[in-house]
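To start, the structure under review is shown below, and the notes come after it.
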Amino acid sequence: MAYSFTEKKRIRKDFGKRRSILEVPYLLAIQMDSYRKFLQQDVAVKERADQGLQAAFNSIFPIVSYSGNAALEYVNYRLGTPVFDVKECQLRGTTYAAPLRVKLRLVIYDKESKYKTVKDIKEQEVYLGEIPLMTDNGTFVINGTERVIVSQLHRSPGVFFEHDKGKTHSSGKLLFSARVIPYRGSWLDFEFDPKDILHVRIDRRRKLPATVLLRALGYGVEEILDMFFEHEDFQITKDGFTLTLVPQRLRGEMLDFDISIGDKVLVEAGRRVTARHIRELEKAGIKNLDVPPEFLIGKALAKNIVDEQSGEIIANANDEITSELLDQLIKSGVKKFQTIYTNDLDNGPYISDTLRSDQSNNRLEALVEIYRVMRPGEPPTKESAENLFQNLFFTDERYDLSPVGRMKFNRRVGREEITGPGTLTNEDIIAVVKTLIDIRNGKGVIDDIDHLGNRRIRSVGEMAENQFRVGLVRVERAVKERLSVAESEELVPQSLINAKPVSAAVKEFFGSSQLSQFMDQNNPLSEVTHKRRISALGPGGLTRERAGFEVRDVHTTHYGRVCPIETPEGPNIGLINSLAVYARTNEYGFLETPYRKVVDGKVTDEIDYLSAIDESHYIIAQANASLDKDNRLSDELVTCRHQNEFTMTTPDKVQYMDVSPKQIVSVAASLIPFLEHDDANRALMGSNMQRQAVPTLRADKPLVGTGMERVVAIDSGVTVVAQRGGEINAVDAGRIVVRVNDDETVPGEPGVDIYNLTKYTRSNQNTCINQRPLVKPGDKVARGDVLADGPSTDMGELALGQNLLVAFMPWNGYNFEDSILLSERLVQEDRFTSIHIEELTCVARDTKLGS
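Going by the working numbering, the sequence shown runs without a break in its numbering and finishes at 872.
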């Protein structure tokens, strides 16, 4: 193994029995990658993906005037260079941000011409406020203070099916419901009541029969029945009624008449039809069955029945058959008719019953009913009712499922493709109702909302994009008004756009959002942990008071994604979590964790990242499974996880294996040596308390570590790391000069790197940030070597405390219960002395009344 400059000075012995397969990833990647995707600063204009700022602009522009004669189109954007660097912003108390300039094109069409002919085009770059930039350590400098945007864990958009656990009705009956949650737009709920009538709610308003929504979509009664039910065909003969037989449908029924094959009675009246009877009926190939009129009474018609001579409707679809209706059918000479097929077991008559409770008779009445619920007190007109319904779920401006929501929706309703429109379609709504009815009929399962396949991470970039879009929407309204003026007057894009709303929305988010927090700067670990924190609170999330036990609990899908140990004690327990060491987010924002592929019992070094949804399909062995010298699983039975349960399996069935034993915990928990011997509650306290350690005067390396100390110290950014290799030219307490190796320099640039050290600076928590050089002139360093220590680091390793000799013994009663006795030398040697810097300001004013 090649040791770095500092590792050579203090060689660590690794007592681990398992070799490391996968290096610990860059700990701040979740923050850095998210914001990089938002800005796309280093991406060529033509190659920018539709995400972040680009997506926000594309979703708002082009803005077209009310008359349609003028349009403001978006061309591209660029970010300028910040006026001050990070350190200067901290000194001056300003925000580290770059100006955003957007190139816009104003197109004016000729009013007189019949076709849209372009009269004038003006292109101009418009200043749209400042966008805060992320520092190299994943923080933002807002008004001179370092802040961190905490990632949010929220319910993924898509469709979810659940039941009330029998709490609503006194009988304990399970009432099933479905909810379509978009990324932005109105929520759509379907729910059963205790009488098994299906209702719909829009945005949690008053409920309506679900068929009102289906009618509003343009479906008639016949079409609705056609979509949700199979049919039974009956012929009217001179002897009575004949059913076209589908033998399987009789299973479990008790009929009031005999079923015969020829002269042999197969099922006597009053006996239950069994699977054996069905097999015999199928074997005999009986196609028709004579049934008495009583068999038909109570069934619902599938189609309207029309008198062929007069063209008059004798009976409507969904009408219940009565003996009077049967007499009328015979009298009118109707030869055949269809009923819907229902039974009490797995084909309930829910939609048919709902149609009967539905007051509306046609599409317009249904639209008006929806309008009355959404806008109570306003008189509806045909146009306003149409527009409202159209805007609820079917227009891009008002409704967006997002790619994640569409993927989750399609997967849940059993479709193959995972892409589709952001708005809902008629087929989508029908699919939700069908799936809900299937679940009510006992086919299908409900969703677990605490499963990490149903909760996703919203990181900095995504939240900033949403805020930016909010600002742009405010601008859009003003621009639309001014565009009509622009048609007649000679206006340019600059005069149409007011940048205030955009910069105000961005400023508000970074300055005062619940998730924009003052960085915890006690020590390097607290910085890293703060940036890797995942909160279920915040805008669009949960509230402490409403969050129950289930949401806070450790879930099986947290394995390798969210730490089961590190969480606050108190009201936020389980709502604020920490990312596991190897976890990362995928393109949809779901957490993934790495696994080694296992082929025929042999563990390979090939690594796959699996999300919680994918993981349940595989059998996964633990990281501590015994391997022989050929990397084969050596035990006869291996402890595995499959479908979120622990089982024992033979090696040949194992498909994946954990990457590392520390994969399940967070950075703070992985710093605890022998964590497996620690009680979980005490480990939780230990993880949290490490973050509260104040940097001591002299950092003292831990004698026993876990190997994560070096990673935390370097990734936190408190140490100075060589960007390029070379030889140390000059060192003093304030700066380090490195003459760079010739093979690492670019022709024409001076091959010298200068690193300025931070000296005695106040941190957010009033502790002291001071960097000390570790190198001397003439030392050879490589890229990535630690050149200077920061607070709480020693030789490039995290060093939160001191190595002391501790004795567990009574000493004259001085250490009764939780008292501790300290040696005088601790104070003499300044082992636990720390420097705190406070900034106190006193303002001396000269006023008219005197100084």
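Heads up, the beta-carbon is just placed ideally off N, CA and C, and yes, glycines get one too.
These numbers were taken from a predicted model, which means no experiment stands behind them.
Cα atoms of V45 and M53: separation of roughly 16 Å, rounded to the nearest angstrom. According to the DSSP assignment, Q538 belongs to the beta strand (DSSP E) that extends over S537 to F539. Counting only the Cα atoms, A336 lies some 11 Å from T343. One Cα belongs to R479, the other to I467, and the distance between them is close to 25 Å. Per DSSP, C661 is one residue of the beta strand (DSSP E) stretching across V659 to H663.
Taking C-alpha positions only, N543 is separated from P716 by approximately 7 Å. DSSP places S708 in the helix class (H, G or I) of the three-state scheme.
Annotation for V761: the continuous beta strand (DSSP E) segment containing it runs R756 to V761. Scanning its chain for C-beta atoms nearer than 8 Å, with the 5 sequence neighbours on each side dropped, one finds around I458 the residues L219, F249, G369, Y371 and I372, in chain order. The C-alpha of Y776 lies about 5 Å from the C-alpha of R756. Put simply, of V169, V496 and Q684 the residue whose alpha carbon is nearest the alpha carbon of I555 is V169.
Taking every protein chain shown into account, the CB of S88 has fewer than 16 other CB atoms within 10 angstroms, so this residue is exposed.
Secondary structure at T550: helix, using DSSP grouped into helix, strand and coil. Assigned with DSSP and collapsed to three states, I326 falls in strand.
The shortest CA-to-CA distance from E590 to any of G707, K528, L563 and A499 is the one to G707. Apart from sequence neighbours up to five positions away, the residues of its chain that approach T779 with a beta-carbon distance below 6 Å are I790 and Q792, ordered along the chain. Annotation: R567 is outside any beta strand (DSSP E) and is labelled neither H nor E by DSSP.
The criterion of a C-beta distance shorter than 8 Å is satisfied by F82 and Y95. For the options V807, V549 and H576, the alpha carbon positioned closest to that of G746 is the one of V807.
Counting other Cβ atoms within 10 Å of its Cβ, T606 reaches 16 or more and is therefore classed as buried.
Secondary structure at M155: strand, using DSSP grouped into helix, strand and coil. According to DSSP, K124 shares a beta bridge with N97 and E146.
Residue burial annotation: L74 is buried, with at least 16 other C-beta atoms found within 10 angstroms of its C-beta.
C-alpha of G581 to C-alpha of Y47: approximately 16 Å in a straight line. The segment 674–735 contains, as complete beta strand (DSSP E) runs of 3+ residues, the segments 677–679 (chain order). The residue from L154, R293 and H298 with its alpha-carbon nearest to that of L287 is H298.
I257 is bridged by DSSP to F262. Between P545 and T814, the CB-CB gap stays under 8 Å.
Residues of the same chain with a CB within less than 6 Å of the CB of S681, apart from the 5 flanking positions on each side, are A644 in chain order.
Counting C-beta pairs closer than 8 Å gives fewer than three between the segment 809–823 and the segment 565–573, which falls short of the contact rule. Between the beta-carbon of R490 and that of S207 there is about 18 Å, and that puts the pair past the 8 Å contact cut.
Following the DSSP letters along the chain, one finds E627 inside the beta strand (DSSP E) bounded by residues K623 to S632.
A contact is defined here as three or more CB-CB pairs under 8 Å, and the segment 583–603 meets this definition with respect to the segment 687–694. DSSP assignment within the segment 471–497 yields the following whole beta strand (DSSP E) runs of 3 residues or more, N-terminal first: 476–479. A distance below 8 Å separates the beta carbons of F358 and I326. With distances taken between CA atoms, D626 lies nearest to Y677 out of Y677, D673 and C584.
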